[in-house]
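Numbering (the working numbering), first residue to last: 96 to 611.
Spelled out as structure tokens, the structure:
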């Protein structure tokens with residue numbers, strides 16, 4: 096079974112015309128509560144004999160944030176229908192409010208038999224956000240709404256029909272910005288969809304070997320732009336990656352280290368930016384067995400790896416002019432008679448001996464060998480992404496990913512990228528004082544540091560393997576998936592990672608010597 100991309104056929108033209116003349120099955124119109132119509136809505140109102148104004152005056156539409164109302168007929172307009180979308184209070188309109196309105200709009204659109212829709216969201220004032228940003232989040236929202244995971248449904252619901260999403264801009268000069276934003280938003284949307292699907296797949300399908308096959312599929316579809324190397328258990332043993340192997344030794348499923356190399360810079364030897372993903376395709380806890388309640392969600396313990404795959408898919412669509420390497424350390428953590436045990440001492444690829452105190456802290460074991468492995472690439476930066484600690488959920492809930500780093504400039508770059516992509520992280524300290532919690536009586540270090548500051552001490556452990564390069568760690572335990580009625584992978588932090596890499600491309604372009 097191979098992962099199919101969702102929504103990759105969606106067209107997203109940008110046009111600058113009078114919105115009243117746009118021929119479309121449905122025109123989406125954002126409305127503030129104050130009744131002062133935005134420019135596009137005002138033109139539509141004039142051309143339709145105050146259709147929108149009358150609905151507002153009579154109270155037939157409440158423009159509270161996220162409220163939507165379909166107007167099935169649009170006399171005097173080129174559009175067959177209007178979909179009014181509430182923006183709430185103008186003074187409170189920020190990034191989160193716009194994205195909530197977009198999600199409400201596209202959530203309604205995908206339930207309707209519409210294949211062609213136009214929007215005027217570039218009209219909405221959102222602080223200093225430009226047209227490119229608004230176009231990007233519009234496309235991301237459309238892809239998010241169109242996403243479906245119904246591979247195992249005997250009778251799946253009808254798929255959304257949306258094939259064409261036209262973006263209206265009020266000024267012809269804004270067209271290039273909108274086109275750029277739409278291109279990035281569509282690429283991120285496709286990457287997020289791949290990440291969500293890999294996360295949502297059950298662990299009897301999505302195994303380390305399956306992830307390896309997905310890497311080969313990405314490469315096969317990349318027209319030579321992606322080189323893939325798969326290290327099997329024999330290669331890992333020869334390498335000395337004993338920490339990664341220890342995690343998987345209790346499973347019938349063999350472990351894998353997956354390496355995906357994209358060389359977009361003119362100089363193939365330019366220092367790459369490396370993403371390292373935790374790929375625990377199922378985490379039972381091993382000998383330190385987890386409670387049964389909610390254990391099904393441990394199929395999501397490979398969402399860090401899934402985000403690396405999704406980001407690499409986005410990279411292949413956008414083709415930034417930098418070198419990028421995605422590395423996935425993948426294993427299944429099971430309580431077999433061969434499984435590693437509390438009290439075991441394991442020699443890592445770096446040569447440090449680690450005392451295992453709880454086999455349910457397995458993610459840092461696979462990551463430490465992967466982080467040692469990537470030294471050979473002499474990277475410009477390394478970012479690892481992992482559903483690493485429940486403590487991150489206690490500290491930050493489900494809104495922000497945890498960020499820790501051995502390099503303040505790298506941390507700031509990632510924080511900025513998260514703000515720009517509206518896929519935010521929060522910086523936690525990685526002070527030397529926390530390192531003593533990893534002291535061991537029997538080995539070079541213990542692999543856990545007790546309950547206090549669990550997210551920080553997990554990063555402290557990883558930091559012991561990252562002294563050769565600028566490194567940051569994203570703990571996405573609280574942001575990678577949702578539970579309850581909306582159970583499923585979120586696709587985060589593909590947006591943050593993509594923005595970080597695009598920013599590095601801009602930076603590299605500005606600093607590379609010009610060719611005479």
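Ideal Cβ positions, reconstructed from N, Cα and C, are used throughout, including at glycine.
Quantities reported herein were computed from a predicted structural model and do not represent experimental measurements.
Item, Value
"Close-in-space but distant-in-sequence residues of the same chain around residue 378 (CB under 6 Å, 5 per side omitted)", "393, 396, 428"
"For residue 324, the residue or residues it bridges with in DSSP", "354"
"Residue 417 in three-state terms, based on DSSP", "coil"
"Range covered by the alpha helix (DSSP H) that runs through residue 492", "That residue, residue 492, is in no alpha helix (DSSP H); it is neither H nor E in DSSP."
"Buried or exposed by the 16-neighbour rule on C-beta atoms within 10 Å, applied to residue 562", "exposed"
"6 Å Cβ shell around residue 478 - same chain, five flanking residues per side excluded", "370, 567"
"Contacts around residue 140, its chain only, beta-carbon distance under 8 Å, and the 5 residues preceding and following it disregarded", "132, 146, 147, 148"
"Inter-residue Cα distance where the pair is residue 578 and residue 385", "17 Å"
"Residues near residue 518 by beta carbon distance below 6 Å, same chain, minus five either side", "587, 588, 590, 591"
"Candidates 120, 144, 112: closest to residue 135 by CA position", "112"
"Within 8 Å, strictly: CB atoms of residue 425 and residue 374", "yes"
"Distance between residue 400 and residue 463 (C-alpha atoms, nearest Å)", "14 Å"
"Beta-bridge partners of residue 526, as assigned by DSSP", "None; residue 526 has no bridge partner."
"Status (buried if at least 16 other CB within 10 Å, exposed otherwise) for residue 299", "exposed"
"Extent of the continuous alpha helix (DSSP H) to which residue 620 belongs", "Because the chain here runs from 96 to 611, residue 620 falls outside it and cannot be looked at."
"Same chain only: Cβ atoms within 6 Å of residue 68, ignoring 5 sequence neighbours per side", "Nothing can be reported for residue 68: it is not among the residues displayed for the chain, which extend from 96 to 611."
"Secondary structure of residue 344, DSSP reduced to three states", "coil"
"Beta-ladder partner(s) of residue 127, from DSSP", "183"
"Which residues DSSP lists as bridging residue 428, in chain order", "378"
"Segment limits, alpha helix (DSSP H) that includes residue 279", "270-295"
"Span separating the alpha-carbon of residue 207 from that of residue 256", "8 Å"
"Closest Cα partner of residue 214 within the set 259, 467, 538", "259"
"Beta-ladder partner(s) of residue 566, from DSSP", "477"
"Rounded separation between residue 101 and residue 316 - CA only", "Note that residue 101 scores 45 on pLDDT, short of 50, meaning its location in the model is unreliable; the coordinates nonetheless yield the value given after this. Cα-Cα distance, rounded: 15 Å."
"For residue 469, the nearest candidate out of 402, 560, 533 (CA to CA)", "560"
"Unbroken stretches of the alpha helix (DSSP H), 4 residues or longer, contained in the segment 170-251", "190-204, 226-241"
"Alpha-carbon spacing of residue 219 relative to residue 383, whole angstroms", "52 Å"
"Residue span of the alpha helix (DSSP H) that contains residue 551, given as start and end", "549-558"
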